[in-house]
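Take a look at the structure below.
4 protein chains.
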Amino acid sequence: MGENGKRRIRLGMVGGGQDSFIGYVHRIAARLDGEFELVAGALSSRPEVARESARLLGISPERAYTDFEEMARVESGLENGIEAVAIVTPNHVHFGPAKAFLEAGIHVICDKPLTSRLEEALALAEVVPKNNAKFLLTHNYTGYPLVRQAREMVAGGLLGNIRVIQVEYPQDWLTEEVHNKQADWRTDPEKSGTGGCVGDIGTHAYNLLRFVTGLETEALCADLATFVPGRMLDDNVHIMLRFKGGAKGMLWASQVAPGNENALKLRVYGDKGGLEWRQENPNQMWFSPFGKPRQLITRGGVPAGGGEGAPVRIPAGHPEGYLEAFATLYSEFAAVIRAEEDGALLPTLGDGVEGMRFIVAAVTSSNNDSQWTALE
Amino acid sequence: MGENGKRRIRLGMVGGGQDSFIGYVHRIAARLDGEFELVAGALSSRPEVARESARLLGISPERAYTDFEEMARVESGLENGIEAVAIVTPNHVHFGPAKAFLEAGIHVICDKPLTSRLEEALALAEVVPKNNAKFLLTHNYTGYPLVRQAREMVAGGLLGNIRVIQVEYPQDWLTEEVHNKQADWRTDPEKSGTGGCVGDIGTHAYNLLRFVTGLETEALCADLATFVPGRMLDDNVHIMLRFKGGAKGMLWASQVAPGNENALKLRVYGDKGGLEWRQENPNQMWFSPFGKPRQLITRGGVPAGGGEGAPVRIPAGHPEGYLEAFATLYSEFAAVIRAEEDGALLPTLGDGVEGMRFIVAAVTSSNNDSQWTALE
Amino acid sequence: MGENGKRRIRLGMVGGGQDSFIGYVHRIAARLDGEFELVAGALSSRPEVARESARLLGISPERAYTDFEEMARVESGLENGIEAVAIVTPNHVHFGPAKAFLEAGIHVICDKPLTSRLEEALALAEVVPKNNAKFLLTHNYTGYPLVRQAREMVAGGLLGNIRVIQVEYPQDWLTEEVHNKQADWRTDPEKSGTGGCVGDIGTHAYNLLRFVTGLETEALCADLATFVPGRMLDDNVHIMLRFKGGAKGMLWASQVAPGNENALKLRVYGDKGGLEWRQENPNQMWFSPFGKPRQLITRGGVPAGGGEGAPVRIPAGHPEGYLEAFATLYSEFAAVIRAEEDGALLPTLGDGVEGMRFIVAAVTSSNNDSQWTALE
Amino acid sequence: MGENGKRRIRLGMVGGGQDSFIGYVHRIAARLDGEFELVAGALSSRPEVARESARLLGISPERAYTDFEEMARVESGLENGIEAVAIVTPNHVHFGPAKAFLEAGIHVICDKPLTSRLEEALALAEVVPKNNAKFLLTHNYTGYPLVRQAREMVAGGLLGNIRVIQVEYPQDWLTEEVHNKQADWRTDPEKSGTGGCVGDIGTHAYNLLRFVTGLETEALCADLATFVPGRMLDDNVHIMLRFKGGAKGMLWASQVAPGNENALKLRVYGDKGGLEWRQENPNQMWFSPFGKPRQLITRGGVPAGGGEGAPVRIPAGHPEGYLEAFATLYSEFAAVIRAEEDGALLPTLGDGVEGMRFIVAAVTSSNNDSQWTALE
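This is the structure we're talking about:
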């Protein structure tokens, strides 16, 4: 039931069983444009949950696995085995499945951050995928049309030389000690890795600024904090950034800022103009050409001079949201899988390695009295 | 690939061929939660367009019809024929298909307004559906979670007795004379009916205020205008309203208000508090209990005291939009079709008749020097 | 201590004793630019209050009157008597003082609405002022820089031919029955006149739309309501408007809309563009040229092409407010008094008569089942 | 013409001649509540400008000085000499006049930053004022009613223990090289001191966060930048902060951020709630009690539970702005001069010294590869 006359791509999923937030999101993203069909899964390591979750999703019992390695092996041998797999497990269970499926010649769609440790990320980057299997990292915010347009506007010179970048990603859901499926693994170094807030949402903020500006980081200077007593990972992140070419930036991420739900915001300033975009109202963006009135750019609306706009599903004023942005990554990856597009805008395994370097540099700098630290 | 272990409902579509806006929207809405599968269509009355549109949508050639009556007849006779049909044609082609499919025992999902003339609407209301076939009118704005929550808050007495309702729906896309598929039929009395702007978006605004407040209209006083020379239908709508019980309202709809994309907004004021919701940023709503600070209610966020919130797919701060609201109607209708839910919140054929009465009353009042006119 | 080397104008005040809101506002407005000096007053009809109020304001006891007629007579005979008087009494005590001071050759600054009854307004318009004494009606919202700029932009054709005007002025302070000095006279027909909400704030909204657009009203169609039991005047106003030349409008004013403090808002739409201005954040204005992105015009900021901006005291980003706008009327009137300027933008006695005709037409139409009623 | 029956305080001014921005602001602030009367000035060091400026301000020629020391000497000897003086010169001419007038027993109102060098500030703090003369530093943003209310709310525990503070003050007026009276001295180390942007607006941001939270700074980590070629002082300021007790903060100030006029914004987060206030719309403030809907607090509106609100001149919805906040400092200082109030909320010479320590620490840290640096 896609819109382009093409057969749906057969998709599997690792993780994403009952009560998973991000697995559900990936499934909607896969369905929305009709490009994928979920036919197999290792949805949980607990057999009963895996089985029941598969049943609810219409996956036939024989393709409901409890072990991702078995799944990779079996599916790669089936005539109509899965062509791609979505990995939606906690961070420490990204590396294993990603390696297994790439080596089985199955395309991988992996949630971020890439892994729980930089070493794994580097190892994953060394994997030689069978049959040129492709990799997509779901830094989903890059799928928003206005984020794409912002990137075009920067690349097209509408802002001039970039000088200052302010990015922030405050939330409040961990303001107090909290225990549930979502919170528990994110605050557990075994599962999340060395970064808490910095890995969970700091990497999104960092990826977003790099996606829009294209700047390379020279060094960062970080001050991570853990405010909630007993928590083992950072819950507030203060970082100053220096970019190659001279631009400077600030990044704030927090899980303890009451009144903030998911308030990712990016501001970019150059010598000719500025941009501001907020994830919570993603259909609008401020463009401020220096010396002229601020303009409100809208998704699907009149483009700013030189910024040609980005593809949208429905007209301006009909808000698209988080799920549509996520679905865009899936659908563009479908075109890559079909070898119709090169997916130049899609987040790569390289972006994932960069994100891990960012986490490591932030933790290292913070542990070294905020010394300027390169990403390496 | 739904989420509930249920087989997908087999769906057909009338209208919605290439270049259709609303057909595409209906298809995404049908796909998003995985509850429907499109398997047949009379997508265009032009055979070539019907055929090619079907091909792109993965509909097999033998189920690509050019005549909706044939489609109703054939599909109702198939073992695996469609269970429901989406009617997404211009207004003057709502009545025929709706009647044909209901009488064929196939559930109908029909775009608004119900028909192009009140007589058709009344006739449709008299149709006896075969096999108790159900009817859904896609007043899609009622699918937004915060609109549902607003209704609950009013019903729960958080606003007290309702006194004043201000609703508006300005757009700007018809500010100048424009010719394209979308504009042409909407400005053609043969296809659109007696109402232009009042039928296309005025009915949405009117439906929204009734959905949220539950008030019955006593009479309205209208002043319709056509500003663009040569246009044959109204493009700006000014209406004053009186409701049973004493509340009063204003409704403004316009297609000629530059700077407005799809700016549907509802404000409701009672003797204990006020509410304000805007479609273009549908994840936020103002609640103003009298004598206390205004509160910003968010979709999926902390509920206001007494308003219990409405079902959402993803957490607060992750914006859902127009397509999700539309999909909610489809998915809830799926539960109705499966006889699992009564669909108490879904827009009905009766709402469609009420909308037609609204159009007629508005045009009549406007033609009678804005005399107060009852809806009958 | 003005800024222009000119001697301060000697000012008197009628009304404005202790606990007066608007008298205090007038005094700050008179002081702010250093153009006036308050030297006399009939601040209250209660001698003790008049005396004590005068003492607090530094008015010498012999110029603290209890009778405005005596004040007009005495002051006009003094060598250094007042040159201008501010009338800040309830509506029913506007006519008497205004007539007395104009006939005594003293310039009059009068709060709005002009009088409590249209007959008084017409009679006042017939008064022949001694010594060409001038008259200022304090429709203070016309003193906001961006309101001035909006007027220029309309006059300069940036919006094209005006089609639609939406103006609203909701408040919530009378949502419940309330008794205090401010509320009591405003809800008393003896003191306020035939209009309640329509006179108190409806006239502001009406004056604002006329100031910005320059349009003449053809007729109006009104539905006034009194929601609070026992209240003797309207507290909610719904009006549709038709203007000469074909434009149409809506005006909503309310004192019973919870969550609204003083939310005067004007929107104007023409065939080339739209404007939106809100009094509660008066330093910003939307300008929407059709087919281009919306622009945020700021007070003192970069002007929109063709709109040259309006005089401001302090740079963009340093908000000016209600008092500065009010002071602008005073200071420009000072220049009129000194015969340095013609005060072309200042609200006149004619504007006051128009406001009274507006009130009468609104009440008449509402009493006649909302019949279209001309202003006469 | 004050409102309290008190004689106006006789005021002098140093600096503030024609074309001065801040001198004009101080004069309006002095006039607005009628508490001061400007009677003397050394308005410029250029005799002709001093004379003409004085004439325009109604200062008699014999009290129009060109030398502030002469002015201090002469005025302190007059029977009706000035009681207070406003110092509105560039930073490097703060110390001299402040010392001279304090030692002459004349109260001093001084613009910020306190001086151009820390040594001067420390020396000024050692001056023994004659006759217990008082000192006011015009960190004017502390005069906004909602800033006062924010301070009360923090002090009252509504936010719980403060964890994170984000303050920013972006402007865009120095995005390109610019030469005029305002820009020239601010970018000249001789006149401005060692800090450019950090002194001009960074100190405001820093003072604001301390005023609201009452926190003491432990150390800061700064990265200052100069983006415009040839500029001799910083025009962009990135600072991380650590406070005693464990709270952390970020401060961003910029003069090169296109689209920002005067966008001072403060956000404070504790374990019980958050606050957000923006100077450009100073009549509104967000209060976010954790686990409850965000509330919009308004100046003069309904107070948040426990925050009692702050004095305002006019009711909620009637915006007060920059000049009113500035005037509040003047009027409260008048009460201090009259020994009626202790002025506990007014910025002091000590605050000025703290501001200078802040500038020095920021420059030092930035020069030392962003090493954490204490304020001393």
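Chains as they are written, first to last, in my numbering: chain A, 1022 to 1397; chain B, 1022 to 1397; chain C, 1022 to 1397; chain D, 1022 to 1397.
Built from N, CA and C at the ideal position, the CB exists for glycine as well.
These numbers were taken from a predicted model, which means no experiment stands behind them.
Residues of chain D with a CB under 7 Å from the CB of residue i: which are they?
i                : result
V1323 of chain B : G1312, K1313 and P1314
Report the partner residues of residue i according to the DSSP bridge assignment.
i                : result
H1128 of chain D : D:A1105
Q1187 of chain C : C:M1271 and C:R1288
M1092 of chain A : Its beta-bridge partners do not exist; DSSP assigns none.
F1264 of chain B : B:T1238
D1244 of chain B : B:H1259
E1297 of chain A : A:R1288 and A:W1307
F1116 of chain C : None; F1116 of chain C has no bridge partner.
V1035 of chain A : A:A1063 and A:I1108
I1030 of chain D : D:F1057
L1396 of chain C : For L1396 of chain C, which the question treats as bridged, DSSP gives no partner whatsoever.
Can you name the residues of chain C whose CB is closer than 8 Å to the CB of residue i?
i                : result
G1026 of chain D : R1076, L1077, L1078 and G1079
D1242 of chain B : According to the sequence shown, residue 1242 of chain B is Cys rather than Asp. Within chain C, the residues near C1242 of chain B are C1242, D1244, M1261 and S1391.
Exposed or buried, which one is residue i when buried takes at least 16 other CB atoms within 10 Å?
i                : result
P1068 of chain C : exposed
A1093 of chain D : buried
N1283 of chain B : buried
S1081 of chain D : exposed
H1160 of chain D : buried
D1054 of chain A : buried
A1365 of chain A : exposed
L1099 of chain A : exposed
K1120 of chain D : buried
Going along chain A, which residues have a C-beta under 8 Å from residue i?
i                : result
N1101 of chain B : Correct list: empty, because the minimum Cβ distance to chain A is about 15 Å.
E1301 of chain B : N1304, G1338 and P1340
I1049 of chain B : L1053, D1054 and R1334
Residue i versus chain C: which residues are under 9 Å apart at the beta carbon?
i                : result
I1318 of chain D : The contacting residues do not exist; I1318 of chain D stays about 12 Å from chain C at best.
N1283 of chain D : P1336, A1337, G1338, H1339 and P1340
What residues of chain D sit near residue i, judged by a beta carbon separation below 8 Å?
i                : result
K1120 of chain A : Chain D residues near K1120 of chain A: none, gap ~38 Å exceeds 8 Å.
M1271 of chain A : H1259, M1271 and W1273
Which residues in chain A sit within 7 Å of residue i, going by Cβ to Cβ distance?
i                : result
R1052 of chain B : M1022, R1052, L1053 and G1055
A974 of chain D  : Shown here, chain D extends from 1022 to 1397; a query on residue 974 of chain D therefore has no answer.
Residues of chain B with a CB under 8 Å from the CB of residue i: which are they?
i                : result
E1069 of chain A : Neighbours of E1069 of chain A on chain B: none; closest Cβ ~15 Å, over 8 Å.
G1295 of chain C : D1193, A1278, P1279, G1280 and N1281
Cβ closer than 9 Å: which chain A residues qualify as neighbours of residue i?
i                : result
V1046 of chain B : R1334, I1335 and H1339
Y1227 of chain D : Those within 9 Å of Y1227 of chain D in chain A number zero; the least Cβ separation is about 16 Å.
For a contact defined as C-beta to C-beta under 7 Å, what are the partners of residue i on chain C?
i                : result
S1309 of chain B : P1279 and G1280
Every unbroken alpha helix (DSSP H) inside the segment 1304-1376 of chain C [4 residues or more]: Taking only runs of at least 4 residues, the alpha helix (DSSP H) segments lying wholly in the segment 1304-1376 of chain C are 1343-1358.
Short-range partners of chain C found in the segment 1073-1094 of chain D, where Cβ spacing is below 7 Å: R1076, L1077, L1078 and G1079
Output needed in chain order: residues of the segment 1331-1364 of chain A with a Cβ under 8 Å from some Cβ in chain B. R1334, I1335, P1336, A1337, G1338, H1339, P1340, E1341, G1342, Y1343, L1344 and E1345
Please give me, in chain order, every unbroken run of the beta strand (DSSP E) with length at least 3 that falls completely inside the segment 1170-1222 of chain C. Runs found: 1183-1191.
By the 7 Å beta-carbon criterion, what residues does the segment 1366-1394 of chain C contribute toward chain B? D1390, S1391 and W1393
Quick check on the DSSP output: what are the complete beta strand (DSSP E) runs of length 3 or more inside the segment 1043-1087 of chain D, in order along the chain? Secondary structure in the segment 1043-1087 of chain D: the beta strand (DSSP E) runs of 3 residues or longer, each lying completely within the stretch, are 1057-1063 in chain order.
Against chain B: residues of the segment 1184-1205 of chain C by CB proximity under 9 Å: R1184, V1185, Q1187, E1189, P1191, D1193, T1196 and E1197
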